[in-house]
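Remember, the numbering used here sits 225 above the position in the sequence shown when you count from 1. Backbone N, C-alpha and C fix where the C-beta goes; we use that ideal spot for every residue, glycine too. Given the structure is predicted, the values throughout are model-derived calculations rather than measurements. Data first, discussion second: the structure below is written as structure tokens.
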Amino acid sequence: MVQKSVLITGSSEGGIGDALAKAFHRKGLRVFATARDLAKVQHLKDMGLNIVQLDVANNALIKQAVETVKAATGGTLDILVNNSGGGYSVPLLDSDVSVAKKMFDVNVFGLVAVTQAFAPLLTALKGTIVNIGSVLGHAPFPWSGYYNASKAVANLLTDQMRIELSPWGVKAILVVTGVVKTKFFDNLPDTPCLPHTSLYYDAKDEIEPVMAGAEIEKDGIDVDIYAEAVVSNALKSNPKKHQWVGGSAFTIWSVSTFGWSTIWDLLLPSLVKLLTVIKKIYAARKLE
Numbered sequence: 226m227v228q229k230s231v232l233i234t235g236s237s238e239g240g241i242g243d244a245l246a247k248a249f250h251r252k253g254l255r256v257f258a259t260a261r262d263l264a265k266v267q268h269l270k271d272m273g274l275n276i277v278q279l280d281v282a283n284n285a286l287i288k289q290a291v292e293t294v295k296a297a298t299g300g301t302l303d304i305l306v307n308n309s310g311g312g313y314s315v316p317l318l319d320s321d322v323s324v325a326k327k328m329f330d331v332n333v334f335g336l337v338a339v340t341q342a343f344a345p346l347l348t349a350l351k352g353t354i355v356n357i358g359s360v361l362g363h364a365p366f367p368w369s370g371y372y373n374a375s376k377a378v379a380n381l382l383t384d385q386m387r388i389e390l391s392p393w394g395v396k397a398i399l400v401v402t403g404v405v406k407t408k409f410f411d412n413l414p415d416t417p418c419l420p421h422t423s424l425y426y427d428a429k430d431e432i433e434p435v436m437a438g439a440e441i442e443k444d445g446i447d448v449d450i451y452a453e454a455v456v457s458n459a460l461k462s463n464p465k466k467h468q469w470v471g472g473s474a475f476t477i478w479s480v481s482t483f484g485w486s487t488i489w490d491l492l493l494p495s496l497v498k499l500l501t502v503i504k505k506i507y508a509a510r511k512l513e
């Protein structure tokens, strides 16, 4: 029996990609785990997995990764997992567009660029694309607007891929990821904080913990449980096209599916203590 192969972007230690790489490996697949810094996937190499340097925003490294996989498999790939992603937590009024563009280069344009590059290998086997999305692509969670928008685009792109690649028998699965316990927030380049010029600065004690993920990760599921669910679905002959997995995933699916279009206006303020934020801002203004 020919060993199936899978390439996973963003496999640095402690993240979702790392857990997915291990889970696919346990299922007997030949795993190509990628990262910009190979030192962050050395532990996977020690376990017997293949590691490949890949930056999804670098076309030269994408082409190099394709050639590496082609040489190893004879020009085929069964599964491509687009997991690489960057975060950006800040109120929209305080955001830096140049930083947001770099995040979109990874979360959106990188997703398409990698898929384009590996498409010949996937079509050769009627393979499967697994795009790791987020529940935040379905809900306007405060203080992460650009990130939420990038995930909303990724959600739509997955459906686009599934339709456009169907003539070649290629499947496209969207994993709508809920809260998962990983090092995602630890891997952000800087601890999220409000600038002193922010209109929200007087409420920074309420907002900054949310920006740093304090209110999110406490409801997370174990990353290995998440990975097992994703891998099991990806290996099915008839997988779920939209797979919701993770803490709060069912709740957000229910609200976004059965609620009216602006229902989040009622539900999200209490979750992020928006009333307290408003009170602190107005109290500070009265003291001026």
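Whether residue i touches residue j by CB criterion (8 Å)
i	j	result
L269	I276	yes
V400	I446	no
A452	L245	yes
L424	E433	no
V256	D303	no
P365	L499	no
G240	L305	no
N284	I357	no
Neighbourhood of residue i by C-beta, 7 Å cutoff - its chain only, sequence neighbours within 5 removed
i	result
L263	I276 and Q278
L274	A246, H250, V256 and A258
V324	Y313
G362	N373, K376, A377, A379 and N380
Where the beta strand (DSSP E) through residue i begins and ends
i	result
G253	Taken as a continuous stretch (DSSP letters only), G253 belongs to no beta strand (DSSP E), as it is neither H nor E.
K429	Looking at the DSSP string, K429 is not in any beta strand (DSSP E); the run it does join, the alpha helix (DSSP H), is K429 to M436.
L460	Premise fails: L460 is in no beta strand (DSSP E) and is neither H nor E.
V277	N275 to Q278
Q468	H467 to V470
A397	K396 to T402
T340	From DSSP, T340 is part of no beta strand (DSSP E) but of the alpha helix (DSSP H) over G335 to T348.
Range covered by the alpha helix (DSSP H) that runs through residue i
i	result
L286	N284 to T298
V231	V231 -> not in any alpha helix (DSSP H); beta strand (DSSP E) instead, spanning S230 to I233.
Classification of residue i by the beta-carbon crowding that lies within 10 angstroms, buried from 16 upward
i	result
G300	exposed
W489	buried
T234	buried
I503	exposed
E431	buried
G311	buried
A509	exposed
Cut-off 8 Å between Cβ atoms - residues of its own chain near residue i, not counting five sequence neighbours on either side
i	result
P539	Because the chain is modelled from 226 through 513, residue 539 falls outside the range shown and cannot be assessed.
Same chain only: Cβ atoms within 6 Å of residue i, ignoring 5 sequence neighbours per side
i	result
G394	K351
V435	W368 and V497
D449	A244
Suppose only complete runs of 3+ residues qualify. What are the beta strand (DSSP E) ranges in the segment 351 to 379, listed by chain order? For the segment 351 to 379, whole beta strand (DSSP E) runs of length 3 or above, ordered along the chain, are 353 to 359.
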